[in-house]
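Trainee:
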Amino acid sequence: MPSDKGGLTPRAEDFPRWYQEVVAGAEMAENGPVRGTMVIRPWGFGIWELLVAELDRRIKEAGAEGAYFPLFIPESFLRLEASHVEGFSPELAVVTHGGGKELDEPIVVRPTSETVINHFFAKWIQSHRDLPLAINQWSNVVRWEMRTRLFLRTTEFLWQEGHTAHSTEQEATAYALRILRDVYLDTVEKAAGIPALIGHKTERERFAGAVRTWTSEGMMGDGKALQLGTSHELGQNFARAFDIQFSDETGAQQFVWQTSWGASTRLVGALIMAHGDDFGLRLPPALAPSQVVVMVVKEDEPTERAAAGIAADLKAAGIRVRVDDRTETGFGRRAIDWERKGVPVRVEVGPRDLAEDKAVVVLRHDRSKSPVALSALVAEVGSALERTTELLYDEALSFRMERTTTVDTVEEAIEAGATGFAVLPWSAVGDAGEDRLAEAGITVRCLQSPDGSLAEGEEDSLIAVVGKAY
RNA sequence: CGGGGAGUGGCGCAGUAGGUAGCGCGCCUGCUUUGGGGGCAGGAGGUCGGGGGUUCGAGUCCCCCCUCCCCGACCA
1 MPSDKGGLTP
11 RAEDFPRWYQ
21 EVVAGAEMAE
31 NGPVRGTMVI
41 RPWGFGIWEL
51 LVAELDRRIK
61 EAGAEGAYFP
71 LFIPESFLRL
81 EASHVEGFSP
91 ELAVVTHGGG
101 KELDEPIVVR
111 PTSETVINHF
121 FAKWIQSHRD
131 LPLAINQWSN
141 VVRWEMRTRL
151 FLRTTEFLWQ
161 EGHTAHSTEQ
171 EATAYALRIL
181 RDVYLDTVEK
191 AAGIPALIGH
201 KTERERFAGA
211 VRTWTSEGMM
221 GDGKALQLGT
231 SHELGQNFAR
241 AFDIQFSDET
251 GAQQFVWQTS
261 WGASTRLVGA
271 LIMAHGDDFG
281 LRLPPALAPS
291 QVVVMVVKED
301 EPTERAAAGI
311 AADLKAAGIR
321 VRVDDRTETG
331 FGRRAIDWER
341 KGVPVRVEVG
351 PRDLAEDKAV
361 VVLRHDRSKS
371 PVALSALVAE
381 VGSALERTTE
391 LLYDEALSFR
401 MERTTTVDTV
411 EEAIEAGATG
421 FAVLPWSAVG
431 DAGEDRLAEA
441 GITVRCLQSP
451 DGSLAEGEED
461 SLIAVVGKAY
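All letters in the first sequence, in the order written, are residues 1 to 470 by my numbering.
1. Please say whether residue 325 and residue 296 have beta carbons closer to each other than 9 Å?
2. So, residue 215 versus residue 180, is the Cβ gap smaller than 9 Å?
3. Residues in its own chain within less than 6 Å of residue 456 by CB, not counting five upstream and five downstream?
4. With 16 other CB atoms within 10 Å as the buried threshold, where does residue 11 fall?
5. Just to confirm before moving on: does the CB-CB distance between residue 256 and residue 121 stay below 9 Å?
6. Round the Cβ separation of residue 275 and residue 392 to the nearest angstrom and send it over; I've been treating them as touching at under 8 Å.
7. For residue 224 and residue 60, which I take to be in contact (beta-carbon distance under 8 Å), what is that distance rounded to the nearest angstrom?
8. For residue 93 versus residue 142, is the C-beta spacing smaller than 9 Å?
9. Please classify residue 350 as buried or exposed, where buried requires at least 16 neighbouring CB atoms within 10 angstroms.
10. Is residue 385 near the ligand PLP - that is, is its Cβ less than 8 Å away from at least one heavy atom of it?
11. Verify whether the separation of the beta carbon atoms of residue 410 and residue 397 is less than 9 Å.
12. Give me the Cα-Cα distance between residue 133 and residue 166, rounded to the nearest whole angstrom.
13. In this structure, how does DSSP classify residue 291 when only helix, strand and coil are distinguished?
14. Using 8 Å as the Cβ pair cut-off and three pairs as the minimum, do the segment 262–274 and the segment 41–56 touch?
15. Alpha carbon to alpha carbon, what distance is there between residue 35 and residue 147?
16. Determine the direct distance from the alpha carbon of residue 287 to that of residue 192, and round the result to whole angstroms.
17. Using the Cβ count rule (16 or more neighbours within 10 Å means buried), how would you classify residue 284?
18. Quick check on residue 365: does DSSP put it in helix, strand or coil?
19. Compute the distance between the beta-carbons of residue 310 and residue 377, then report whether it is under 9 Å.
20. Which runs of the alpha helix (DSSP H) at least 4 residues long sit entirely within the segment 90–125? Give them in chain order.
21. So, for residue 241: in the same chain, excluding its five sequence neighbours on each side, which residues have a beta-carbon less than 7 Å away from its beta-carbon?
22. Determine the contact status of residue 380 and residue 360, defining contact as a CB-CB distance below 9 Å.
23. Shortest alpha-carbon distance to residue 88 belongs to which of 464, 71, 110, 42?
24. Let me check one thing: in DSSP terms, what residues is residue 360 bridge-paired to?
25. Tell me the DSSP bridge mates of residue 324?
26. Which full runs of the alpha helix (DSSP H) of 4+ residues lie inside the segment 13–87, going along the chain?
27. Quick check: residue 233 and residue 259, are their CB atoms within less than 9 Å of each other?
28. Within a Cβ cutoff of 8 Å, which residues of the same chain sit near residue 27, ignoring the five residues on either side of it in sequence?
29. Closest to residue 399 by CA distance: which of 14, 112, 222 is it?
30. What three-state label does DSSP hand residue 186 in the structure shown?
31. Closest by CA to residue 271, which one among 366, 161, 106, 226?
32. Thinking C-alpha only, which one of 117, 199, 346 is nearest residue 449?
33. Helix, strand or coil: which one does DSSP assign to residue 454?
34. Where residue 1 and residue 58 are concerned, what is the direct C-alpha to C-alpha distance, given to the nearest angstrom?
35. So what does residue 156 bridge to, in DSSP terms?
36. Mind listing, in chain order, the continuous alpha helix (DSSP H) runs of no fewer than 4 residues lying wholly within the segment 237–296?
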């Protein structure tokens with residue numbers, strides 16, 4: 001029996017199931033033949049490509065240059081930084097054979113590229129004049145995860161990893177924060193329309209090998225947290241392990257101060273979970289492979305011509321548009337398909353509209369329909385697209401506020417954290433409190449100043465935002 | 001690795017005392033319909049996860065193996 005929800009399980013009924021159905025139904029991705037791997041289909045990859053463009057533009061503006069390092073890393077490299085190996089060894093994929101022979105030294109498939117990149121940084125950096133050095137790589141990485149979910153956690157995933165070296169600690173800190181704010185926070189909020197909290201991780205949540213990890217965290221539609229982008233201050237840990245030294249102005253040898261930062265295909269999952277509704281995906285226009293679909297309601301020559309004309313006008317206005325003239329498929333089916341894929345605006349063109357020189361404009365955000373005069377169509381669609389991201393953002397923000405509770409104790413945080421975020425004084429948590437939260441499946445997502453701004457240390461005045469996480 | 005479940009057309013499933021495989025969706029053809037998963041008619045598509053055994057006969061019973069999913073320990 002057809003329902004107008006396109007056959008999806010309601011989000012509130014079973015969120016994980018709804019998520020899987022959206023990923024499949026919107027033709028975004030499916031499982032690969034090897035456990036935990038993912039085939040990203042054109043619709044999902046189109047979203048990723050737009051995300052890459054948004055991120056990369058900001059990364060370049062922040063002064064990092066693109067480069068590429070190998071997929072294969074000598075196993076010995078990983079061992080050079082103690083906490084780094086410890087953190088990653090359980091999830092490594094290791095190549096032991098090549099060309100039909102057993103290798104002398106096993107090769108690791110990169111779980112991240114800190115080690116290879118720093119091996120080369122050591123070679124490239126000689127003088128303070130070589131600094132700062134900022135490199136960004138777009139690549140795939142492999143982490144042998146136990147439980148996987150499409151986009152959220154897969155064995156192989158696509159990401160961007162930035163690596164920098166600076167002559168002073170202050171400069172490294174400033175750069176890590178610049179990336180957090182100007183790249184991640186800005187992309188996530190402006191392009192993706194997802195409100196994010198920023199702060200730093202507690203010691204136990206910190207990246208393996210970092211001295212401080214900065215994070216941006218979003219709340220998903222089920223109240224759980226998802227890390228959206230992280231930026232690490234590595235101090236001189238890797239510099240010492242890989243002997244990355246430079247001569248300063250006085251001729252003295254010094255170790256560099258470093259950062260690394262990344263965002264992954266997980267962001268596509270964030271988009272689904274932050275904005276999706278019972279009818280499927282809802283895409284912010286900046287990340288929609290097609291921002292508008294013009295639907296030919298009925299097969300007939302004047303209608304098809306009118307639809308093509310509308311599409312051409314929209315395209316000329318710089319809008320990504322596609323025409324759906326598959327009239328051999330029923331109208332309802334096609335409408336639901338585009339709705340599930342999250343296309344922000346649909347323009348329906350049929351003989352009845354054309355008789356009045358109109359078309360029906362349907363907004364995916366609230367599924368509202370309104371007749372619009374053809375002469376006003378481009379302007380109307382354009383302004384609808386401009387409003388969409390902010391509407392999605394506002395909706396997600398009020399949801400997060402509804403689901404965020406300020407509390408005083410760990411026990412209260414456990415209760416509130418079951419369905420959303422709990423905010424409490426960091427001094428009320430501490431190491432023991434983190435243990436207690438962990439028993440309830442809750443983690444500290446980030447530490448902030450009481451006003452929500454960034455703070456550096458672990459001093460008592462900080463607040464902790466806690467919740468269940470993906 | 002510990003506990004639980006499942007492998008049957010592309011997808012989701014049924015298959016009842018063992019008797020030679022079926023349903024829904026999808027797909028193809030034609031007609032009709034197109035304003036929220038249309039209707040009618042016809043059609044294609046299956047080594048029943050693999051191997052062995054019992055039997056006149058195995059999707060079904062027995063043994064071994066493989067794979068996948070869910071829950072717990074790890075994680076952008």
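Beta carbons are placed, not taken as given, at the ideal position from N, Cα and C, and that holds for glycine.
Just so you know, these numbers come straight off a predicted model, no measurement behind them.
Mentor: Reading off the structure:
1. yes
2. yes
3. none
4. That one is buried.
5. yes
6. 5 Å
7. In this structure, residue 224 and residue 60 do not form a Cβ contact; the two beta carbons are roughly 33 Å apart against a cut-off of 8 Å.
8. yes
9. buried
10. You won't find the ligand PLP in this model; it holds no ligand whatsoever.
11. In this structure, residue 410 sits away from residue 397, with a CB-CB distance that is not shorter than 9 Å.
12. 7 Å
13. coil
14. yes
15. 10 Å
16. Straight-line Cα distance between these residues: approximately 7 Å.
17. buried
18. Assignment of residue 365 by DSSP, reduced to helix, strand and coil, places it in the coil class.
19. yes
20. 114–124
21. Taken in chain order, the residues that qualify are 80, 81.
22. no
23. 110
24. Its beta-bridge partners are 348, 371.
25. 295
26. 15–25, 42–61, 75–79
27. Between residue 233 and residue 259, the C-beta spacing is below 9 Å.
28. 41, 42, 43, 44, 341
29. 222
30. helix
31. 226
32. 199
33. coil
34. The predicted position of residue 1 is uncertain, since its pLDDT is 33 and thus under 50; a value taken from the coordinates is nonetheless stated next. C-alpha separation (whole angstroms): 47 Å.
35. 142
36. With a minimum length of 4 residues, the continuous alpha helix (DSSP H) runs that stay inside the segment 237–296 are 237–242, 266–275.
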